[in-house]
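Novice: Residues 5 to 205 in my numbering are what the sequence shown spells out, letter by letter. Note that CB positions come from ideal geometry on N, CA and C, so glycine has one too. These numbers come from a predicted model, not from an experiment.
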Amino acid sequence: MFVTFEGIDLAGKSTQAELLEEYLKTKGFDVVTLREPGGTEVSEKIREILLNPRLYFNSFTELFLFEASRADLVRKIIKPKLEQGCIVICDRFWDSTIAYQGYGRNIPLNFIEMCNLYASDGLEPNLTFLLDLPLDLVLERLKTKSTDRMENEDKDFLIRVINGFRELSKKYPNRIHVVDGSDTIENIHQKIIKILNNYIG
Ligand code: TMP
5 MFVTFEGIDL AGKSTQAELL EEYLKTKGFD VVTLREPGGT EVSEKIREIL LNPRLYFNSF
65 TELFLFEASR ADLVRKIIKP KLEQGCIVIC DRFWDSTIAY QGYGRNIPLN FIEMCNLYAS
125 DGLEPNLTFL LDLPLDLVLE RLKTKSTDRM ENEDKDFLIR VINGFRELSK KYPNRIHVVD
185 GSDTIENIHQ KIIKILNNYI G
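Here you go:
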């Protein structure tokens, strides 16, 4: 099973991904948690470039770097782990590319969908948790940390990305489950477990 976490920056995805991994391990599952971009030596190097606030590049360079990172991670780790029967949890996957490079940077969505398809080798998550957070909370949380290149974007970009994720949840209602990211860590975790257990049946 392939589970992904999505949402705007600082929505709490990484914390929830870790908690879900711990929960599934206590239930005896073989679990691996990864992040995008990242997860392999090549993809971690690409991540450093993508998030470096001193670097500037155009939207297509950005898109292809995210896809390059994905192409490496899917083939080297995600697919082999799924084939071994592992549950793979990924902190972001191709919904992020639709939300950030599509809605955020205005690259045509059908072009991104095609890039996603090839980069991910046709792999689609079984279950996606979208941690939804309103703009004012994102801005508040951003004030508390030093920001990377993506987090330096303006308010309008963030609004487009938040709305992009919401549009995706309408497009894939069976796969994408929206969870209120402003709730407490424990409440969010419990909601996620409930949805996952319903899915596993
Ligand atoms: P994060 O792993 O800390 O969430 O940071 C990754 C950043 O990269 C985040 O700002 C979202 C962004 N991103 C994209 O713009 N497109 C993508 O396809 C992915 C996977 C991430």
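Taking only three categories from DSSP, how would you classify C90?
Specialist: Residue mapping note: residue 90 aligns to position 86 of the sequence shown, counting from 1. Correct three-state label for C90: coil.
Novice: Check the DSSP bridge columns for R39 and list the partner residues they point to.
Specialist: Here residue 39 refers to the residue found at position 35 of the sequence shown. Bridge partners of R39: D95.
Novice: Compare the C-alpha of L137 against each of R164, L121, S150 and name the closest.
Specialist: Within the sequence shown, the letter at position 133 stands for residue 137. The shortest Cα separation from L137 among R164, L121, S150 belongs to R164.
Novice: I'd like to know whether the C-beta atoms of L162 and L143 end up nearer to each other than 9 Å.
Specialist: The residue labelled residue 162 in the question sits at position 158 within the sequence shown. The residue labelled residue 143 in the question sits at position 139 within the sequence shown. The answer is yes: Cβ separation under 9 Å.
Novice: Do I91 and V46 have their C-beta atoms within less than 9 Å of each other?
Specialist: Sequence index remark: in the sequence shown, residue 91 carries index 87 (1-based). Sequence index remark: in the sequence shown, residue 46 carries index 42 (1-based). Not a contact, by the Cβ cut-off of 9 Å.
Novice: Taking 8 Å as the line, does the beta carbon of S173 fall inside it for any heavy atom of the ligand TMP?
Specialist: Residue 173 sits at position 169 when you count from the first residue of the sequence shown. Not under cutoff, so the answer is no.
Novice: Do you know offhand how far S100's Cα is from T148's?
Specialist: Residue numbering aside, residue 100 sits at position 96 when the sequence shown is read from its first letter. Residue numbering aside, residue 148 sits at position 144 when the sequence shown is read from its first letter. Going by the C-alpha atoms only, they are around 23 Å apart.
Novice: Given 8 Å as the limit, tell me if P129 has its C-beta closer than that to any heavy atom belonging to the ligand TMP.
Specialist: On the sequence shown, residue 129 is found 125 positions in, with the first residue counted as 1. Incorrect: P129 has no Cβ contact closer than 8 Å to the ligand TMP.
Novice: Quick one: Cα of I50 to Cα of K31, how far?
Specialist: Sequence index remark: in the sequence shown, residue 50 carries index 46 (1-based). Sequence index remark: in the sequence shown, residue 31 carries index 27 (1-based). The alpha-carbon atoms of I50 and K31 are separated by roughly 34 Å.
Novice: DSSP three-state label for E171, please.
Specialist: Locating residue 171 in the sequence shown gives position 167, where the first residue counts as 1. Helix.
Novice: Which one of G16, E52, T37 has the shortest CA to CA distance from K85?
Specialist: Along the sequence shown, one-based indexing puts residue 85 at 81. Of the listed residues, the one whose Cα sits closest to K85 is T37.
Novice: With H, G and I counted as helix, E and B as strand and the rest as coil, what does DSSP make of E10?
Specialist: Taking the first residue of the sequence shown as 1, we reach residue 10 at position 6. Looking at E10 - three-state DSSP - the assignment turns out to be strand.
Novice: On a CA-only basis, which of V78, E10, M5 is nearest H181? Give me that one, please.
Specialist: As a working mapping, residue 181 is identified with position 177 in the sequence shown. For H181, the nearest C-alpha among the options comes from E10.
Novice: Give the DSSP bridge partners of L134, in chain order.
Specialist: For the purposes of this step, residue 134 is identified with residue 130 of the sequence shown, where counting begins at 1. The partner list for L134 (beta bridge, DSSP) reads E10, V182.
Novice: So, for M5: in the same chain, excluding its five sequence neighbours on each side, which residues have a beta-carbon less than 6 Å away from its beta-carbon?
Specialist: Numbered from 1 along the sequence shown, position 1 holds the residue referred to as residue 5. Only I91, N130 meet the Cβ criterion.
Novice: Using only CA atoms, which one of C94, A75, A123, F68 lies nearest to L24?
Specialist: Start at 1 with the first residue of the sequence shown, and residue 24 comes out as number 20. Cα-wise, what sits closest to L24 is C94.
Novice: Using DSSP with H/G/I as helix, E/B as strand and the rest coil, what is R79?
Specialist: Position 75 of the sequence shown, counting from 1, holds the residue named residue 79. R79: helix per DSSP, three-state reduction.
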